[in-house]
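Per UniProt numbering, the sequence shown runs over residues 1 to 231.
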Amino acid sequence: MKLTHPLISCICITNNRPQLLKRAVACFESQNYPNKELVVSYPKKDVFSPKIIRDALQNEELKILQIEREDEQSLGNARNTAINKCFGDYICIWDDDDWYHPSRISYQFNSMQISGQRYQASVLSRILLYDSTTKEAYYSFSYTWDGTILCRKEILLQNQYADTNKGEDSHVITFLSGRKLLYEIDTAPFLYIYIYHGENTWNYAHFENFINKSQVLDKEANDRILLILNN
């Protein structure tokens, strides 16, 4: 029997960033997709993440799998380990840097279910960007935003992330696109806010390249985004 709502595992790789992890957990908790688990991977030296997870699990409806990793493990290998250990049929990348709309998982999953097609993954090609150093928000240019991927688990087991801390996911997108397995969503930028906060994996020059190609939002939209992020 085909499951209407297969289990989706959201992979969150964190490292001593309690405020960011709290927001990532809160965004996960608010998701309206019913069958989901959050997989949180943190290094052995991280003393904050286990406590945040314990606090979150006071909500008995939450499914959270925690993985303690070696301190020197790369982002790519940390994701591979989390994917191997999780229980989901699908994987959704859940970066702790960013903010997610309550419908993110359900919207992306449902968008793949197109009759007659064989999509195995979806990605957002339009998102919102927020620069916390200038407090300005942007509507992104069209791009396959790698960090927004939702993909069938078996695909990621066969095409693992690269053992590196940057650009670890590019070949996964290339593989899916080349085989026409990737559905690109360009109508729902509200699902994802990519946030630059000063401690991101990539430096500001990388983020600046993105915002230079994007459209700055007006004050009303900017204020709404700021309100969302401050709640």
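Each residue gets a CB set at the ideal place from its N, CA and C atoms; glycine is no exception. Quick caveat, the model's predicted, so the values are computed rather than measured.
Please list the terminal residues of the continuous beta strand (DSSP E) segment that includes residue i.
{"i": "I8", "result": "I8 to I13"}
{"i": "R152", "result": "L150 to R152"}
{"i": "D36", "result": "Looking at the sequence itself, residue 36 is Lys, so the reference to Asp does not match. K36 -> beta strand (DSSP E) spans K36 to P43."}
{"i": "I64", "result": "I64 to R69"}
{"i": "E208", "result": "That residue, E208, is in no beta strand (DSSP E); its alpha helix (DSSP H) goes Y204 to N212."}
{"i": "S49", "result": "Note, S49: premise wrong, no beta strand (DSSP E); alpha helix (DSSP H) at S49 to A56."}
{"i": "Y192", "result": "Y192 to Y196"}
Of the choices the options, whose alpha-carbon is the least far from that of residue i?
{"i": "S214", "options": "P189, L21, S103 and N15", "result": "P189"}
{"i": "S67", "options": "T133, L157, V123 and I13", "result": "In the sequence under discussion, the amino acid at residue 67 is Ile, which differs from the Ser named in the question. That would be I13, whose Cα lies nearest to the Cα of I67."}
{"i": "N230", "options": "K22, H5 and T4", "result": "K22"}
{"i": "S122", "options": "F141, T133 and K153", "result": "K153"}
{"i": "N84", "options": "I155, R179 and L181", "result": "I155"}
Roughly how many whole angstroms lie between the Cα atoms of residue i and residue j?
{"i": "N159", "j": "A221", "result": "38 Å"}
{"i": "E70", "j": "C86", "result": "18 Å"}
{"i": "I8", "j": "I211", "result": "31 Å"}
{"i": "D55", "j": "Y194", "result": "26 Å"}
{"i": "M112", "j": "P18", "result": "33 Å"}
{"i": "K219", "j": "I228", "result": "14 Å"}
{"i": "I105", "j": "Y119", "result": "16 Å"}
{"i": "D96", "j": "S177", "result": "26 Å"}
{"i": "I114", "j": "E136", "result": "36 Å"}
{"i": "K51", "j": "N59", "result": "14 Å"}
{"i": "A78", "j": "L20", "result": "18 Å"}
Starting from the C-beta of residue i, find all residues in its chain whose C-beta is less than 8 Å away, skip the five residues before and the five after it, and write them out in chain order.
{"i": "M1", "result": "In this predicted model, M1 has a pLDDT of only 39, less than 50, meaning its place in the structure is not dependable; the value taken from the coordinates is given anyway. Result list for M1: empty, nothing under 8 Å."}
Terminal residues of the continuous alpha helix (DSSP H) containing residue i?
{"i": "C27", "result": "P18 to E29"}
{"i": "A78", "result": "L75 to K85"}
{"i": "L176", "result": "S170 to G178"}
{"i": "L226", "result": "K219 to N230"}
{"i": "Y107", "result": "R104 to M112"}
Please state if the CB of residue j and the CB of residue i are separated by a distance shorter than 8 Å.
{"i": "S125", "j": "I173", "result": "no"}
{"i": "L128", "j": "Y139", "result": "yes"}
{"i": "V40", "j": "S49", "result": "yes"}
{"i": "E29", "j": "L65", "result": "no"}
{"i": "T148", "j": "Y192", "result": "yes"}
{"i": "W94", "j": "I11", "result": "yes"}
{"i": "C151", "j": "Y90", "result": "yes"}
{"i": "S103", "j": "N35", "result": "no"}
{"i": "Y161", "j": "G88", "result": "no"}
So, at 6 Å on beta carbons, what are the nonlocal neighbours of residue i in its own chain, with the 5 sequence-adjacent residues on each side left out?
{"i": "S74", "result": "D163, T164 and N165"}
{"i": "P43", "result": "N15, R69 and D71"}
{"i": "D131", "result": "Y196"}
{"i": "V25", "result": "A56"}
Check whether the Cβ of residue i sits closer than 7 Å to any heavy atom of the ligand ADP, and report yes or no.
{"i": "F48", "result": "For the ligand ADP, the structure offers nothing, since it holds no ligand at all."}
Return the chain-ordered list of same chain residues with a C-beta closer than 7 Å to the C-beta of residue i, the five sequence neighbours on each side being excluded.
{"i": "T4", "result": "none"}
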